[in-house]
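Chains as they are written, first to last, in my numbering: chain A, 1 to 283; chain B, 284 to 447.
Ideal Cβ positions, reconstructed from N, Cα and C, are used throughout, including at glycine.
Comments concern the structure below.
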């Protein structure tokens, strides 16, 4: 029994509570799915619950801290030498790259098409990997203040990682390529064949549907972003084709691919503002 | 706030255990271990709904589900709905569940966790993000296997702190 302003009310029965709760949940889901009305509530709640997220990340941070602490001098020297070697190799490649870019822009000018514009990028630290089973999302420490926006492409040193889908104050949520709700337009790097790459929810597995058995695609092909749809900048590596199954009963090929970016290893990712970087100098 | 007050004690124990379950649910673990992480929140919720249905009820389940929605970044209301429904079923069946031998209880808990997962799968399928593959269901199996141990631990906690 509850007493409200002189009225005696019976506590609601379990069934009444269920009806209430189902109504509220369905209402919330529709509002969240159909419109952006709930963004503010979500941001408020995420900020309120941020301590929980930090607390949950403590054991993993302690673990990696302990690993760092016990890393021997020997290992460090080894990794340092390796990095040095890698750096040398990369710088020599970069020299070629500068010359190639110059040449490419010259050729493009001769063809009358626009010069490629460099993209601005910003490093973002990974805070947390979302653990809702079978969604692939990560939380990064960049948000409003860094002028990140919903739909912004995120890459790492190897290729495209995904795109920002929620801005939550000072951090934001990135949906990875491998999320079952994610798709990205690509080109086969070898011949320019257009395709779409879908996530499956599996951390190492992508699918390339809607290609018929006459499509010129082979195992080992590199798929790069095509820039169509405007979300992702063109030319970044997305995935490599790992397996092609041609079942004559199906109208399309079953194509498996693997993301190029190291989605499960990187601690830092890069936010990209397509075309916002300094223009390549023209002579 | 007095710690000798049994009512306060009970609240601390119940919400403390639920908090730990939420932390275990969102704690980063290696990728390969992901399918074997049981639904800690669901298990603890089922226990408290069974042991103290006057305290932990449909509303509690809904709120915890909403917290999960925010932490997971899923569509708001999805886990809230699933956890509310699980709480409802457990409260409805709590007298029977208490009487069951331990293994039978495990099976009932398995069914409750499956209902939870099925609901989540439906909604996510409806908005076009359905996960594929058999490993989606392993958390419920793991949950069923660890239920007897979790039950004993939570029961001892409940008796020591005289939560009723």
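Under 8 Å Cβ to Cβ from residue 285(B), same chain only, skipping five residues before and after it: list those, please.
-> Note that residue 285(B) scores a pLDDT of 47, beneath 50, so its modelled location is shaky and nothing firm can be said.
Apart from the five residues on each side of it in sequence, which residues of its chain come closer than 8 Å, Cβ to Cβ, to residue 57(A)?
-> Excluding sequence neighbours, residue 57(A) sits near 127, 128.
In the region 308 to 321 of chain B, which residues sit with their C-beta less than 8 Å from some C-beta in chain A, listed in chain order?
-> Within the region 308 to 321 of chain B, the qualifying residues are 308, 309, 310, 311, 312, 314, 317, 318, 320.
What residues from the region 338 to 359 of chain B come within 7 Å of chain A, judged by C-beta to C-beta, listed N to C?
-> The region 338 to 359 of chain B vs chain A, Cβ under 7 Å: 340, 341, 342, 345, 350, 353, 354, 355, 356, 357, 358, 359.
The region 371 to 394 of chain B: which residues have C-beta closer than 8 Å to a C-beta of chain A, in chain order?
-> Correct list: 371, 374, 375.
Sequence-distant residues of the same chain with beta carbon closer than 7 Å to residue 240(B), five excluded per side = The requested residue 240(B) does not occur in the structure, where chain B is confined to residues 284 to 447.
Residue 134(A) CB to nearest chain B CB: under 9 Å?
-> A Cβ of chain B is located within less than 9 Å of the beta carbon of residue 134(A).
Might you give, ordered along the chain, the residues of its own chain that have their beta carbon closer than 7 Å to the beta carbon of residue 190(A), omitting 5 neighbours on each side?
-> The beta carbon of residue 190(A) sits closer than 7 Å to the beta carbons of 221 from its chain, once the five residues preceding and following it are set aside; these are given in chain order.
Say whether the region 360 to 373 of chain B touches the region 324 to 338 of chain B, bearing in mind that this needs 3 or more beta-carbon pairs closer than 8 Å, one atom from each stretch.
-> The region 360 to 373 of chain B makes contact with the region 324 to 338 of chain B; the number of CB pairs closer than 8 Å reaches 3 or more.
Taking residue 264(A) as the reference, which of 272(A), 162(A), 216(A), 185(A) has the closest Cα?
-> The shortest C-alpha separation from residue 264(A) is found at 162(A).
In three-state DSSP terms, what is residue 283(A)?
-> Only weak support exists for where residue 283(A) lies, its pLDDT of 36 falling under 50; the value from the coordinates is given anyway. Coil.
Contact set between residue 129(A) and chain B, taken where Cβ atoms lie within less than 8 Å = Within 8 Å Cβ-Cβ: 311.
CB contact check: residue 33(A) to chain B, cutoff 9 Å | Taking a beta-carbon distance threshold of 9 Å, residue 33(A) counts as an interface residue toward chain B.
Would you say residue 261(A) faces chain B, with C-beta separation under 9 Å as the test?
-> Output row for residue 261(A): interface = no.
Three-state secondary structure (DSSP) of residue 168(A) | Reduced to three states, the DSSP call for residue 168(A) is strand.
Taking residue 42(A) as the query, report the chain D residues whose CB atoms sit under 7 Å from its CB, ordered along the chain.
-> Going by chain labels, chain D is absent from the structure shown, which instead holds the protein chains A and B.
Taking Cβ positions only, does residue 237(A) come closer than 9 Å to chain B?
-> False, the Cβ-Cβ gap to chain B never drops below 9 Å.
Kindly indicate if chain A contains any beta-carbon less than 9 Å away from that of residue 293(B).
-> Chain A has no Cβ within less than 9 Å of the Cβ of residue 293(B).
Beta-carbon spacing of residue 134(A), residue 180(A) below 9 Å | Here residue 134(A) is near residue 180(A), since their CB atoms are less than 9 Å apart.
Could one say the Cβ of residue 419(B) lies closer than 9 Å to chain A's Cβ atoms, at least one of them?
-> Chain A has a Cβ within less than 9 Å of the Cβ of residue 419(B).
Residues near residue 425(B) by beta carbon distance below 6 Å, same chain, minus five either side = Listed in chain order, the non-local C-beta contacts of residue 425(B) below 6 Å within the same chain comprise 319, 321, local neighbours out to five positions each way being set aside.
Could you give the distance in angstroms between the alpha-carbon of residue 329(A) and the alpha-carbon of residue 153(A)?
-> An answer regarding residue 329(A) cannot be provided, because it is not within the stretch 1 to 283 covered by chain A.
Beta-carbon contacts of residue 148(A) that lie in its chain and below 7 Å, excluding the five residues immediately before and after | If we look at residue 148(A) and ignore the five residues flanking it on each side, its Cβ neighbours are 142, 164, 167, 172, 271.
If we ignore side chains and look at the alpha-carbon of each, how far apart do residue 359(B) and residue 29(A) end up?
-> Rounded to the nearest angstrom, the two C-alpha atoms are 6 Å apart.
To the nearest angstrom, how far is it from the Cα of residue 324(B) to the Cα of residue 421(B)?
-> Going by the C-alpha atoms only, they are around 16 Å apart.
Cβ-based burial, residue 91(A) [other Cβ within 10 Å; buried from 16] | Per the 10 Å Cβ criterion, exposed.
Residue 439(B) burial status per 10 Å Cβ neighbour count (16 or more: buried) = It is exposed - the Cβ of residue 439(B) has fewer than 16 other Cβ atoms within 10 Å.
Does any C-beta atom of chain A lie closer than 9 Å to the C-beta of residue 406(B)?
-> Closer than 9 Å to the CB of residue 406(B) there is at least one CB belonging to chain A.
Please determine, among 402(B), 382(B), 294(B), 306(B), the residue with the shortest C-alpha to C-alpha distance to residue 25(A).
-> Just measuring C-alpha positions, the residue of 402(B), 382(B), 294(B), 306(B) sitting nearest residue 25(A) is 402(B).
If we cut at 9 Å on Cβ distances, does residue 416(B) have a partner in chain A?
-> Taking Cβ atoms only, chain A reaches closer than 9 Å to residue 416(B), which makes this a yes.
Contiguous alpha helix (DSSP H) assignments of at least 4 residues, all confined to the region 380 to 441 of chain B | Every unbroken stretch of the alpha helix (DSSP H) spanning 4 or more residues and falling wholly within the region 380 to 441 of chain B is given here in chain order: 385 to 409.
Chain A contact for residue 300(B) (CB, 9 Å cutoff) | Residue 300(B) does not count as touching chain A.
Taking only the alpha-carbon atoms, compute the straight-line gap between residue 348(B) and residue 144(A) and give it to the nearest angstrom.
-> If you take the alpha carbons of residue 348(B) and residue 144(A), they lie about 27 Å apart.
Along the chain, where does the beta strand (DSSP E) that runs through residue 225(A) open and close?
-> For residue 225(A), the enclosing beta strand (DSSP E) has its first and last residue at 222 to 225.
Quick one: Cα of residue 94(A) to Cα of residue 86(A), how far?
-> Computed Cα separation, rounded: 12 Å.
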